[in-house]
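Heads up, the sequence shown is in the working numbering, so the first residue is 4 and it goes up one at a time.
Inspection log for the structure reproduced underneath, given as structure tokens.
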Amino acid sequence: MRPITPILRAPAAAALAAAAVLGPTLGTSLLGCAPAPKTSTLTTDDLVETTNQMAEQLRASDFLAERAADSPQVVIALNKVTNLTSDLIPESQQWWMMARVRDQLSVSTMAREKNVRFVIPQQFLAKAKEAATVPQGFAAERDPTHVMAATFLSATREAGKARTDVYLCEYRITSLDTGELAWTGRYEFKREAFGRAYD
């Protein structure tokens, strides 16, 4: 079984950084004076399940069901996830959450059966061209027709020593011509914790 890896909230990340820099004494006082409680913080498994759910919803959507190999081509550019939760999600994971949904749909199948393709994010393309790691003229015909973006939100409820964090992730595919939503998917879950994170 894959170990569950928490996505650190900013204060927790700062505490770990301080412990690493200032030595074992501070690390013990911040992190070692009580057993770690069950946490309400996001984990890697949460992000995996979120992308699983989004890929499944998109695969079953009317947006794709109504398309065929001879449908007008759709070119979807990816944006990274907008993180509005109380947890720290690194930028690399924000991009990974978008790429994982794309990859689970099978890029070759989408192109062949639905005439849908995904293109490298503009930010990555610009960096690749600047570093000369792609050929001249690479992705010159990317011309996206749609954009896929996502927003991750959270709300916290505390009652005594108990804490519950409710998370909602929403993915959207939007037409660049009309601004209309072509597809939206949502996944909501919660994590509960009991006890204190420190004494």
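Glycine included, every Cβ here is placed at the ideal spot set by N, Cα and C.
Cα-Cα separation, residue i to residue j
i      : j      : result
Val104 : Glu161 : 33 angstroms
Glu173 : Glu133 : 32 angstroms
Ala71  : Glu116 : 6 angstroms
Thr54  : Ala68  : 20 angstroms
Thr177 : Arg145 : 16 angstroms
Asp254 : Met100 : The shown model of the chain, from 4 to 202, leaves out residue 254, and the question about it has no answer.
Option in the options with minimal Cα separation from residue i
i      : options                           : result
Ala152 : Ser89, Gly188, Val51 and Thr112   : Gly188
Pro93  : Leu50, Phe66, Gln60 and Ala129    : Leu50
Arg194 : Lys83, Thr167 and Asp48           : Thr167
Phe155 : Ala68, Ser74, Ala185 and Phe192   : Phe192
Phe121 : Gln97, Trp98, Trp99 and His149    : His149
Asp73  : Val119, Leu184 and Asn86          : Val119
Val84  : Thr112, Ser178, Met57 and Val77   : Met57
Arg62  : Pro147, Asp180, Met113 and Leu179 : Met113
Gln97  : Leu81, Glu59 and Leu179           : Leu81
Pair within 9 angstroms by beta-carbon distance, residue i and residue j
i     : j      : result
Thr88 : Tyr190 : no
Asp48 : Ser157 : no
Enclosing beta strand (DSSP E) for residue i [first to last residue]
i      : result
Thr85  : Val77 to Leu87
Arg120 : Val119 to Val122
For residue i, the first and last residue of its enclosing alpha helix (DSSP H)
i      : result
Ala68  : Asp65 to Ala68
Thr54  : Thr47 to Arg62
Glu183 : Glu183 -> no alpha helix (DSSP H), and no H or E assigned at all.
Met100 : Glu94 to Gln107
Any non-hydrogen atom of the ligand ADP closer than 8 angstroms to residue i Cβ
i     : result
Thr54 : Of ligands this structure carries none, so the ligand ADP is not represented either.
Query raised in the report: In chain order, which beta strand (DSSP E) runs of at least 3 residues are fully inside the region 145-179?
Result: For the beta strand (DSSP E) assignment, the uninterrupted runs of no fewer than 3 residues enclosed by the region 145-179 are, from N- to C-terminal side, 149-162 and 165-178.
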